[in-house]
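S.K.: Sequence order for the protein chains is A and B. End of the first sequence sits at 210 in our numbering; the numbers just go up one at a time, nothing left out. End of the second sequence sits at 837 in our numbering; the numbers just go up one at a time, nothing left out. Think of the CB as a built atom: it goes at the ideal place given N, C-alpha and C, for glycine as much as any other residue. As the structure is a computational prediction, the values presented were derived from the model and not from experiment. Sharing a structure here in structure tokens format.
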Amino acid sequence: MRLTNLSLLLSLSTWALGAACDDGHDHGNEGEVITTVALTFTPASGGPAITATFNDPDGDGGAAPTVDPINLARGVTYNTTVRFENRLENPAEDITLEVADESDEHQVFFTGTAVNGPASNQSGAALTHAYTDTDAKGQPIGLANTFASANAAGSGTLIVTLRHMPPVNNTAVKTATSATTVRDSGFSALGGENDASVTFQVTVP
Amino acid sequence: MRLFLYSLVWVASFGTVASGQPAPAGPPAPAPAGASVPAQPPALPAPAAAPPAPAPPTCDGGVDVHTIDAETHEALPGALVKRGAEIVGTTDETGHYLVTEVCAGVLALEIELMGYQVARQAVAVALGKTITLEIELAELEEEVIVIEDRAVTTELRSTAVLSGAALERKRGRALAETLSEVPGVTQLRSGSGMAKPVVRGQYGRRLLILVDGVRHRSQEWGLDHAPEVDPFVAERLTVVRGASGVRYGSDAIGGAVLVDPPELLNAPGARQAEFHAIGTYNGTGGTLAGRVQAAPASVRGLAWQLQGSFKRLAAPSTPDYALDNTGALEGSLGGTLGYRKDRSELKLSYLRYQAELGVCSCLRLESSQDFYDQLARERPVGSESYRADFEIERPSQTVVHDLALARGKWEVGSHGTAISTLSFQHDHRQEYEVVRDSVTGPQFNFRLFTAELEGAFTHYPIHLNNRLHLRGSAGVVAMGQLHNYSGLPLVPDHRSLGGGVYALERLVGHDFELEAGLRYDVLARAASIERRDFLRLVRSGQLSETACGEGQDDPVECSSVFHTVSASLGALRQLSAAWALSGELSTASRPPNPDEQYLNGSAPTFPVVGLGTPNLGAETTYSASVTSTYKGAHVAVEASAYANLIDDYIYFAPAIGEDGLPIFDVLIRGTYPRFITKAVDAVFYGFDGGITMQPARWLELGGQLSLVRARNRTDDGPLVFVPPDQLRGSLTYRPPLCGPVADSFVSLSGSYVTRQQDYDLAADFAPPPKAYFLLGAEAGFETTLGGYRLKAALQGTNLFGTRYREYTSLMRYFADQPGTQVLLRLSLHTL
Chain A
6 MRLTNLSLLL SLSTWALGAA CDDGHDHGNE GEVITTVALT FTPASGGPAI TATFNDPDGD
66 GGAAPTVDPI NLARGVTYNT TVRFENRLEN PAEDITLEVA DESDEHQVFF TGTAVNGPAS
126 NQSGAALTHA YTDTDAKGQP IGLANTFASA NAAGSGTLIV TLRHMPPVNN TAVKTATSAT
186 TVRDSGFSAL GGENDASVTF QVTVP
Chain B
7 MRLFLYSLVW VASFGTVASG QPAPAGPPAP APAGASVPAQ PPALPAPAAA PPAPAPPTCD
67 GGVDVHTIDA ETHEALPGAL VKRGAEIVGT TDETGHYLVT EVCAGVLALE IELMGYQVAR
127 QAVAVALGKT ITLEIELAEL EEEVIVIEDR AVTTELRSTA VLSGAALERK RGRALAETLS
187 EVPGVTQLRS GSGMAKPVVR GQYGRRLLIL VDGVRHRSQE WGLDHAPEVD PFVAERLTVV
247 RGASGVRYGS DAIGGAVLVD PPELLNAPGA RQAEFHAIGT YNGTGGTLAG RVQAAPASVR
307 GLAWQLQGSF KRLAAPSTPD YALDNTGALE GSLGGTLGYR KDRSELKLSY LRYQAELGVC
367 SCLRLESSQD FYDQLARERP VGSESYRADF EIERPSQTVV HDLALARGKW EVGSHGTAIS
427 TLSFQHDHRQ EYEVVRDSVT GPQFNFRLFT AELEGAFTHY PIHLNNRLHL RGSAGVVAMG
487 QLHNYSGLPL VPDHRSLGGG VYALERLVGH DFELEAGLRY DVLARAASIE RRDFLRLVRS
547 GQLSETACGE GQDDPVECSS VFHTVSASLG ALRQLSAAWA LSGELSTASR PPNPDEQYLN
607 GSAPTFPVVG LGTPNLGAET TYSASVTSTY KGAHVAVEAS AYANLIDDYI YFAPAIGEDG
667 LPIFDVLIRG TYPRFITKAV DAVFYGFDGG ITMQPARWLE LGGQLSLVRA RNRTDDGPLV
727 FVPPDQLRGS LTYRPPLCGP VADSFVSLSG SYVTRQQDYD LAADFAPPPK AYFLLGAEAG
787 FETTLGGYRL KAALQGTNLF GTRYREYTSL MRYFADQPGT QVLLRLSLHT L
């Protein structure tokens, strides 16, 4: 049958040319992919850490990502670290290190209805955020933070956004007031692009 | 020798007066080239019904002379018509001349045209009647004979040709911009400011571009992939509006753009050169281009051509801020070698195009909400630090396109000519996103290899009777293609094999033409999808798990085969010497492109997740158009109306869930709407036309109108990126000759673009921009300098510095279009 013949011809012609030119699939070498955002909440006063992960191991599209809920105790201050990974690579690639290396043009912002802090104006929210790390210019990075939970029950969203803000024509885009810009006018008023922006559900029972 | 078979086969027609007998087919006595041929006695019965009566007092007979080329049957304008020894006039553009005040009896006519043998014809004329006389002129025999490239005559579709002075006025601009003032043509601009041409609302996959007769094979699917073609290659640009599937390939649903380099020189010892220098303000920079051609006298029949251009432009500025990082670095280099012997010729050609294009820093991919928020901004965030400089940083694109071809033409017995073309193309596109420093390579890396073999046979005109002849051609094409992709998940690798056969036949009469064509194509494609990407398509519901076999192979091989048929019927009627009417009915089918089948990832240009539909079938267009042209002494008009019904139109649109609401996907970078390619039924219809008037020798007025309407017939909704209405007007003043300065002109032009009223916010993201008016002006002159013709012109666009955005531009979501731009053009052409 004609169809089959054509298909066969096509398969046969996985051509010498094809073999010679195929430089293979290089998904991952392009390097910009983040599949996983992990938060680790460690009580400042000691105790077991709570982790929550947003994970999209097959990348954009396909299976929907999985998101862990975040359940925190009342009235506790948590030292909170953020970790970014590319799990399409095997072993998983730790992007956090690259973000730290380029901390002058990266910042992590914490927004959402459950967050009050430099980038989010939600008084009475379940969590109060503060940056505890700084880049070479003394500007916050957001890989290390504290989250203080309220003394009352509360819930809402926690949006973790990693913003890449490379300088434009040698003018810095990341500034000491970047978080304020997000708080007052949203991300659309801030230069750069999102490398990650994931939403967690937070509950303080 | 064969030339003689066709030389001086005089065909006389007596209309209703007497039935004409075709002249004997045997060759008349050979005559030395260039010598006059003895007048042939009229091989006709004497006017039977009119026995010589006493001469009436008035002579009111007439002879409508129509001169055509014996070989090609093209009309021959400018031929001298003599009555005996007296010159009575020359034939017009359509090859016609009306001899009036003829008395009854036998009239002896002599027709002369440079490069042709003199034709003499005696014709019997009756009183009170005008008879039609078709006279074929045979070319003088030369040692080097050129087989005409463009064997097929008038295009029955609406076409526009840019060449000579009109093309000269567009030099220094990119391909789409060069064509943008042709009625029916608009541009679809990418984030780099580069654009692709849009013909009657169709672009990219549905609009073929042929460079030197070879289909340009590239990543034409991407909205931000401008065609990798340097307009300096062309001596002639032709826009064919409307489905042209039979002639150019089944997927020429929207039409075709032909980029034709000049023919190689053929007179031994001939030389030609041209040089261009163009300087630009706002988009500071310039272009240098040149072409040299020669046919060395030492080797008869040999000819060569070298061509090159180089362009370096800084980013332009809008009236308020610079379009940071939209500079361009572009170059092309080409060489052609040809050899002609007797009636055969061989041509070898190589052409490389290379470009590095910056993408505007203003173009930012945001998650849906942030994207919508930034639409409300007057100017891009951070635009105060934008600069109009040459530097090209990420995001950017680099493209390389190579075209190598070998073409042979030869004569097949006395039946016709054959042309065969073997071509190879390599298209390499790399796109660089803004990334962390540790990443050095491109994020999207496409490589496409195409090999094509085409053979076409054009038969010599077949004379059915003395008023009718048949012209036609038939051909076969074969194509193999290989696509390699690496980078962020987007499109798969694939291999394709295709073939096609076609035939086009045309019945040419004195004042009408009829054309019919049929084509069949087959395309087999095997996509090689990484298992991971395949499973994503499965999970998204675009593909069943067993759609590409039961195995667990990685990569998964998904193959598809498409059979498509194209057909066309066209007619042309010459209503008068100036006025012609043509109409055309056609159908063509386009198989889905690999991206439409297997796209899988977030689109680099839009804040959407794009998914292909693997089991899409071919889309089929049924189109009809009517074109009328009028070419008078002072007025020329072309007007064309068209309608295309497209069934299973492959459309990239928001995915709608079972609940009737748009589907959103949660990605690591936020929430994005899901877009899928789906088959809908569509209709495109509209009108385009142009008029030029020359009320006085020194004044020229022009006007153009383009209207496109489109609907999604499936849900009676609008379609995206349908160009809004455009109206253009121009006024050119040509002062009288002044000393050594010739052809000077001053012109003003205005274009008005309406707001697109018909849009779908879910697919368009933002309401269409406002209507706008742009004013342009140009002044120029020509003079002779040494052995060269020097042409100089100064051109300004958007003279009011109007702030505007184009509906058909990716830039419109982020920034305005450039403000006032000025170009200074200088060119030298050998005389």
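Let me know the alpha helix (DSSP H) ranges lying completely inside the segment 735 to 780 of chain B, each 4 residues or longer, listed in chain order.
M.R.: List check, alpha helix (DSSP H) in window: 767 to 770.
S.K.: Let me check one thing: in DSSP terms, what residues is G191(A) bridge-paired to?
M.R.: Against the first sequence, residue 191(A) aligns to sequence position 186. Answer is none; G191(A) lacks a bridge partner.
S.K.: Please confirm if E198(A) has its CB atom under 8 Å from at least one CB of chain B.
M.R.: The residue given as residue 198(A) occupies position 193 in the first sequence. Interface residue, yes.
S.K.: Identify, in the order they occur along the chain, each residue of the same chain with its Cβ nearer than 6 Å to the Cβ of N599(B), setting aside the five sequence neighbours on each side.
M.R.: Within the second sequence, residue 599(B) is the residue found at index 593, counting from 1. Here the set comprises R211, W227.
S.K.: Thinking P325(B) and G807(B) are a contact (beta carbons under 8 Å), I'd like their distance in whole angstroms, please.
M.R.: Numbered from 1 along the second sequence, position 319 holds the residue referred to as residue 325(B). Numbered from 1 along the second sequence, position 801 holds the residue referred to as residue 807(B). Indeed they touch by this definition, with Cβ atoms about 5 Å apart.
S.K.: Between V759(B), E788(B), K776(B), Q762(B), which lies nearest to V747(B) when the distance is taken from Cα to Cα?
M.R.: For the purposes of this step, residue 747(B) is taken as the residue at position 741 of the second sequence. Ranking V759(B), E788(B), K776(B), Q762(B) by Cα distance to V747(B) puts E788(B) first.
S.K.: Going by DSSP, what residues sit across from L343(B) in a beta bridge?
M.R.: Start at 1 with the first residue of the second sequence, and residue 343(B) comes out as number 337. According to DSSP, which records beta bridges pairwise, L343(B) is partnered with W310(B), L354(B).
S.K.: Consider the Cβ of F114(A): report whether some Cβ of chain B lies at a distance smaller than 8 Å.
M.R.: Looking up residue 114(A) in the first sequence gives position 109. Chain B, which has no Cβ nearer than 8 Å to the Cβ of F114(A), makes this no.
S.K.: So is V365(B) buried or exposed if we call it buried at 16+ other beta carbons inside 10 Å?
M.R.: Here residue 365(B) corresponds to residue number 359 of the second sequence, with the count starting at 1. Result: buried.
S.K.: In three-state DSSP terms, what is Y810(B)?
M.R.: Residue numbering aside, residue 810(B) sits at position 804 when the second sequence is read from its first letter. Coil at Y810(B), not helix or strand.
S.K.: Taking 8 Å as the threshold, find out whether the segment 825 to 833 of chain B comes into contact with the segment 792 to 808 of chain B through three or more Cβ pairs.
M.R.: Touching, per the Cβ criterion.
S.K.: Can at least three beta-carbon pairs, one atom from the segment 571 to 589 of chain B and one from the segment 735 to 744 of chain B, be found at a separation below 8 Å?
M.R.: Flag = no, the segment 571 to 589 of chain B and the segment 735 to 744 of chain B do not touch.
S.K.: Residues of chain A with CB closer than 8 Å to the CB of P495(B), please, in chain order.
M.R.: If you number the second sequence from 1, residue 495(B) lands on position 489. Per Cβ cutoff of 8 Å: H32, G64, D65, G66.
S.K.: What distance in whole Å lies between the Cβ atoms of A533(B) and V567(B), which are believed to be in contact at a cut-off of 8 Å?
M.R.: For the purposes of this step, residue 567(B) is identified with residue 561 of the second sequence, where counting begins at 1. For the purposes of this step, residue 533(B) is identified with residue 527 of the second sequence, where counting begins at 1. Actually they are not in contact, since the Cβ atoms of V567(B) and A533(B) sit about 12 Å apart, beyond 8 Å.
S.K.: If I'm right that R734(B) touches E187(B) with Cβ under 8 Å, what's the distance once you round it to whole angstroms?
M.R.: For the purposes of this step, residue 734(B) is identified with residue 728 of the second sequence, where counting begins at 1. For the purposes of this step, residue 187(B) is identified with residue 181 of the second sequence, where counting begins at 1. Confirmed, Cβ separation roughly 7 Å.
S.K.: Within 8 Å (strictly less), CB to CB, does G161(A) reach chain B?
M.R.: The residue given as residue 161(A) occupies position 156 in the first sequence. Answer no: the Cβ-Cβ gap between G161(A) and chain B never drops below 8 Å.
S.K.: In chain order, what residues of the segment 661 to 681 of chain B put their CB closer than 7 Å to some CB of chain A?
M.R.: Answer set for the segment 661 to 681 of chain B: D671, V672, L673, I674, R675, G676.
S.K.: Would V191(B) and T136(B) qualify as a contact pair, given that the criterion is a beta-carbon distance under 8 Å?
M.R.: As a working mapping, residue 191(B) is identified with position 185 in the second sequence. As a working mapping, residue 136(B) is identified with position 130 in the second sequence. For V191(B) and T136(B), no; Cβs fall outside 8 Å.
S.K.: Any idea if P145(A) is buried or exposed, counting beta-carbon neighbours within 10 angstroms, 16 or more meaning buried?
M.R.: One-based indexing of the first sequence puts residue 145(A) at position 140. Buried: at least 16 other Cβ atoms inside 10 Å.
S.K.: Identify whether D99(A) lies in helix, strand or coil by the three-state DSSP scheme.
M.R.: Your numbering for residue 99(A) matches position 94 in the first sequence. Strand.
S.K.: By Cβ distance, which residues of its chain are closer than 6 Å to R717(B), with the 5 residues on each side in sequence left out?
M.R.: For this step, residue 717(B) is matched to residue 711 along the second sequence. Taken in chain order, the residues that qualify are V689.
S.K.: Please tell me whether P96(A) and T185(A) are closer than 8 Å, where the distance is taken between their beta carbons.
M.R.: The sequence position of residue 96(A) within the first sequence is 91, counting from 1. The sequence position of residue 185(A) within the first sequence is 180, counting from 1. Taking 8 Å as the Cβ cut-off, P96(A) and T185(A) do not qualify as a contacting pair.
S.K.: Determine, using beta-carbon pairs with one atom in the segment 359 to 375 of chain B and one in the segment 324 to 339 of chain B, whether at least three such pairs fall under 8 Å.
M.R.: With the cut-off at 8 Å, the segment 359 to 375 of chain B and the segment 324 to 339 of chain B touch.
S.K.: Quick check on the burial criterion: 16 or more other C-beta atoms within 10 angstroms. Buried or exposed for M120(B)?
M.R.: Position 114 of the second sequence, counted from the start, is the residue given in the question as residue 120(B). Flag for M120(B) reads exposed.
S.K.: According to DSSP, is A55(B) helix, strand or coil?
M.R.: Your numbering for residue 55(B) matches position 49 in the second sequence. Below a pLDDT of 50, predicted positions are generally treated as unreliable, and A55(B), at 41, falls in that range; the measurement from the model is reported next regardless. Three-state result, A55(B): coil.
S.K.: Within the same chain, show all residues whose beta-carbon is closer than 6 Å to that of R809(B), passing over the 5 residues directly before and after it, in chain order.
M.R.: On the second sequence, residue 809(B) is found 803 positions in, with the first residue counted as 1. Result list for R809(B): P325, D822, in chain order.
S.K.: Work out the CA separation of V571(B) and T41(A) for me, nearest whole Å.
M.R.: Numbered from 1 along the first sequence, position 36 holds the residue referred to as residue 41(A). Numbered from 1 along the second sequence, position 565 holds the residue referred to as residue 571(B). Rounded to whole angstroms, T41(A) to V571(B) spans 49 Å at the Cα level.
S.K.: Between which two residues does the beta strand (DSSP E) containing D694(B) stretch?
M.R.: Taking the second sequence and counting its residues from 1, the one referred to as residue 694(B) is at position 688. Taken as a continuous stretch (DSSP letters only), the beta strand (DSSP E) holding D694(B) covers 676 to 702.
S.K.: Just grab the DSSP bridge partners of C564(B) for me.
M.R.: Residue mapping note: residue 564(B) aligns to position 558 of the second sequence, counting from 1. Answer by DSSP bridge pairing, in chain order: A533(B).
S.K.: On the CB-based measure, 16 or more other CB atoms within 10 Å of its CB, does S304(B) come out buried or exposed?
M.R.: Translated into positions along the second sequence, residue 304(B) becomes position 298. With fewer than 16 Cβ atoms within 10 Å of its Cβ, S304(B) is classed as exposed.
S.K.: Of all the alpha helix (DSSP H) runs that stay within the bounds of the segment 218 to 277 of chain B, which reach a length of 4 or more residues?
M.R.: The segment 218 to 277 of chain B contains these whole alpha helix (DSSP H) runs: 251 to 254.
S.K.: CB-CB under 8 Å to S374(B), same chain, minus the five flanking residues each way: which ones, in chain order?
M.R.: What you label residue 374(B) is simply residue 368 of the second sequence in a count that begins at 1. Same-chain partners within the cutoff: P613, F670, G676, T677, Y678, P679.
S.K.: Roughly how many angstroms separate the alpha carbons of T446(B) and D266(B), rounded to a whole number?
M.R.: Reading the second sequence from its first residue, position 440 is the one you call residue 446(B). Reading the second sequence from its first residue, position 260 is the one you call residue 266(B). Looking at the two C-alpha atoms, the distance is approximately 39 Å.
S.K.: Between G33(A) and L44(A), what straight-line distance do the alpha-carbon atoms span, to the nearest angstrom?
M.R.: The residue given as residue 33(A) occupies position 28 in the first sequence. The residue given as residue 44(A) occupies position 39 in the first sequence. Reliability fails at G33(A), whose pLDDT of 43 lies under 50, so the model's placement of it is uncertain and the value that follows must be treated cautiously. Those two C-alpha atoms are separated by around 23 Å.
S.K.: Expressed to the nearest angstrom, what Euclidean distance is found between the alpha-carbon atoms of N451(B) and G666(B)?
M.R.: In the second sequence, the residue the question calls residue 451(B) occupies position 445. In the second sequence, the residue the question calls residue 666(B) occupies position 660. So the alpha carbons of these two residues sit roughly 37 Å apart.
S.K.: Note down, in chain order, every chain A residue with its Cβ under 8 Å from the Cβ of S631(B).
M.R.: As a working note, residue 631(B) is residue 625 in the second sequence. Going along chain A, no residue has its Cβ under 8 Å from S631(B), so there is no contact; the nearest lies around 34 Å.
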